[in-house]
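Visitor:
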Amino acid sequence: MRDVASPVDSQSEVRLCHLDKLSEGRATGFDPFGNGRPSVFVVKKDSALYAYRDLCPHYGTTPLPWKKDEYLDRAGEVIVCAAHGARFDIESGKCLSGPCLGQSLTAVALHVSNDGYVTAELDS
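Going left to right, the sequence shown walks through residues 73 to 196 as this note's numbering numbers them.
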């Protein structure tokens, strides 16, 4: 079995990785549809997983990180849009400051299987 994005049972569920591949206090981007750049990312905080589409709500086609997997501020406390400076709550995706105040990141539902694989519910 591979530890990269691969389709599973339904077309809207996509396997992202094994739980062991997600580091505490970090974010990881995934390219489940093979578009050449991440379209979803997962943050592991206090052993909980939070997933969002990799798009800033201020300008809907702008990815968040300034480089691969750099979605969080230095302290690992908030998600940051490198292009606009917007800051988002990890647990809710709600914009805390910046040009998209009052908006939120688009949440992605996750499931962890009994064997530890993380899948995301995504519309293709």
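For every residue, glycine included, the Cβ atom is placed at its ideal position computed from N, Cα and C. Predicted model, so just to flag it, every value in this text is computed and none were measured.
With DSSP as the reference, label Leu173 as helix, strand or coil.
Guide: Correct three-state label for Leu173: coil.
Visitor: May I have the straight-line CA-CA distance separating Thr100 from Cys172, to the nearest angstrom?
Guide: One C-alpha to the other measures close to 23 Å.
Visitor: Expressed to the nearest angstrom, what Euclidean distance is found between the alpha-carbon atoms of Asp161 and Asp145?
Guide: Cα to Cα, the separation comes out at about 11 Å.
Visitor: Count the C-beta pairs between the region 122–134 and the region 152–168 that are closer than 8 Å, then say yes if the count reaches three, no if not.
Guide: Result yes; three or more Cβ-Cβ pairs closer than 8 Å.
Visitor: Would the beta-carbon of Ile151 fall within 8 Å of that of Leu121?
Guide: No, Cβ-Cβ distance for Ile151 and Leu121 is not below 8 Å.
Visitor: With a Cβ-Cβ cutoff of 8 Å, do Asp92 and Gly174 count as a contact?
Guide: It is not a contact, given that the beta carbons lie outside the stated cut-off.
Visitor: Tell me whether Lys139 sits in a helix, a strand or coil according to DSSP, three-state version.
Guide: Reduced to three states, the DSSP call for Lys139 is coil.
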